[in-house]
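Below you'll find the structure, written out as structure tokens, and then a few comments.
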Amino acid sequence: MQATFSSVDLVEAYLGRIDEVNLKGPALHAVIELNPSALMQARALDMERRTKGKRGPLHGIPILLKDNIATIASEVSSGSIVPEDAGVVKKLRKAGAIILGKTNLSEWSQARGNLQHGWSGRGGFTTGAYYPNSDPCGSSSGSGVAASIGLATVTLGTETDGTYERSDLPSKSDSHFDTPRLGWTHDTICRGWAIVLSAIAGPDPNDNYTSAQPLPVPDYSLALKKDSLRGKRIAILRRTFLPENSTMKIDPYVFQIFDEAVRLIESLGAMTVQANMSAIDEILISKDKATVVTIDMKIGLNDYLASLTENPSGVRNVADLIKFNEDHPELEMPQGQEDQSGLILCEATSGPNSTYFTALARYKDIAATRSIDAVLKEFKADAILMPGLGTTTASAMAGYPIVTGFYPDNTTTGHFPGEVNRSFYPAPGIPIGLSFLGTAFSEFELIEFAYAYEQATGTRLKRKAYKDAIPVTQLSDIL
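Heads up: the sequence shown begins at 1 in the UniProt record's numbering, then just goes up one per residue.
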């Protein structure tokens, strides 16, 4: 007879697991804030399930959100209050999900300046769960770490360029979400993606970009087929978006693992073709992305800060933010985390103007039309496969989807160039990215391919976090 449990049981188990490793023990600092109403919401959803039935597969499921995803019932930042939930949060609540709390992030999604991955003034340093004091990589650090050790059923992050490419879990962009291998069950990552994406995809009235998505939103769970790679043509792209003279080199072991993955994909019935992307060099020297991102960031931050219904800090725009950080260095500029060059560049912009729209058009053309779409067309491919570090740039610029082994135990530890040496990358056991890239709105197909690969490898089940980072609380302890 299969044991049953309630949403209250699930929330209590996750709270126990968070308590063990977040600030105690290895002090991973993955979770920045917990929802004090989570248990109350779980009880209400349990009652609704008993009396009316469940709303869907996310009914009563605890979810952690990256701290830059707005929720009305949150401290947000030092007591500031937003006027409404983000669109994705509204959809999750409607589906019956429980917002368990917020995860740490690289401050302003790594856009403030050259700061340590996983550091924010509000949350401190997040470290990875696969090696002590390892770099969590990317801005959605807390979400990746929390998912990797089962601190919630689902964690959501956001993608700018590479936040999840080499973090603690594979993922899908541009709206990122992870489902962990739970401490008490062995589920699959892609199945969780499909369920969550089906709930959160679709137009958001507050986001004009989402109106381009074709309707109706597909049921992504229908993409979960083990034979999805059979008969498909996959373009193999070995060169990544790292400059030839980059100080961040890809370890040869990454290509060894990549070649093994290619052979496996071929054994699953896919046809592969060695490809090249002629526009890579142009992408690497282009300044258009920086132009668009800095102007977008200033407009977005100014609008967001001005919209806060309560704002004790008095920060209402980027200029105020820069000054606040300078006036409160003990909070926002500790040793090694002083850089604000990203914010300063944003503040110096004006727009949107003709420079912005010209850069936006060029940047979309080079990343979408002349890069990803060009490779898919030239090589008659259903998707592009790339290895490891430096694979997200074109997808991030184009706004296209991407779905993303572990380093061996004898890996020599290292550090990201230019960062204060507070954490390690690479290091033994840290995940290696494998990226499927596709054209606009090809999420369904990418989930198909990732699921087929996942089912054939079981990679996520082959590596555990280091011992101290594994919470011991199990659901069975609560029942």
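Cβ coordinates follow ideal geometry from the N, Cα and C atoms, glycine included.
Host alpha helix (DSSP H) of residue i (start-end)
i	result
Glu84	Note, Glu84: premise wrong, no alpha helix (DSSP H); not H, not E.
Ala306	Asp288 to Ser307
Thr361	Before going further, note that residue 361 is Ala rather than Thr in the sequence given. Per DSSP, Ala361 belongs to the alpha helix (DSSP H) from Ser354 to Lys364.
Ala235	From DSSP, Ala235 is part of no alpha helix (DSSP H) but of the beta strand (DSSP E) over Arg233 to Ile236.
Gln455	Glu443 to Thr457
Ala368	No alpha helix (DSSP H) contains Ala368, which DSSP labels as neither H nor E.
Asp281	Ile280 to Ile285
Glu347	Ser341 to Glu347
Ser476	Leu475 to Ile478
Beta-carbon spacing of residue i, residue j below 9 Å
i	j	result
Ala223	Phe444	yes
Ala199	Ala97	yes
residue 489	Leu151	Since the first residue of the chain shown is 1 and the last is 479, residue 489 is not available in this structure.
Tyr304	Val82	yes
Ile372	Ser286	no
Leu434	Tyr451	no
Gly118	Gly157	no
Pro62	Pro132	no
Gln110	Gly144	no
Ala374	Ala279	yes
Unbroken beta strand (DSSP E) run spanning residue i, endpoints
i	result
Phe258	Premise fails: Phe258 lies in the alpha helix (DSSP H), Pro252 to Ser267, not in any beta strand (DSSP E).
Leu321	First-last for Leu321: Val318 to Asp327, but that is the alpha helix (DSSP H), not the beta strand (DSSP E).
Ser435	Leu434 to Leu437
Thr272	Met271 to Gln274
Gly383	In the sequence under discussion, the amino acid at residue 383 is Ala, which differs from the Gly named in the question. Residues Ala383 to Pro387.
Residue burial classification, residue i (beta-carbon count within 10 angstroms, cutoff 16)
i	result
Gly458	exposed
Ser7	buried
Lys323	exposed
Ala212	exposed
Arg50	exposed
Glu330	exposed
Glu20	buried
Arg17	buried
Asp187	Only weak support is given to the placement of Asp187: the predicted model assigns it a pLDDT of 41, under 50, and the value that follows is read from those uncertain coordinates. Exposed, since its Cβ has fewer than 16 Cβ neighbours within 10 Å.
Val254	buried
Ser37	exposed
Gly314	exposed
Thr240	buried
Tell me the start and end of each unbroken alpha helix (DSSP H) in the UniProt domain "Amidase" (9-162) that is at least 4 residues and wholly inside, in chain order. Fully enclosed alpha helix (DSSP H) runs of 4 or longer: 38-52, 87-94 and 141-148.
Does the pairing of the stretch 215-235 with the stretch 258-278 give three or more beta-carbon distances under 8 Å? Touching, yes.
State whether the stretch 100-113 contacts the stretch 21-36, with contact taken as three or more CB pairs (one from each stretch) at a distance under 8 Å. Yes, the stretch 100-113 touches the stretch 21-36.
Taking 8 Å as the threshold, find out whether the stretch 435-451 comes into contact with the stretch 119-129 through three or more Cβ pairs. At 8 Å Cβ cutoff, the stretches do not touch.
Determine, using beta-carbon pairs with one atom in the stretch 308-327 and one in the stretch 340-351, whether at least three such pairs fall under 8 Å. Note that the stretch 308-327 touches the stretch 340-351; at least 3 beta-carbon pairs, one per stretch, sit closer than 8 Å.
Would you check if the stretch 345-353 and the stretch 297-315 touch, i.e. whether three or more CB-CB distances between them fall below 8 Å? The stretch 297-315, when compared against the stretch 345-353, does touch it at the 8 Å Cβ threshold.
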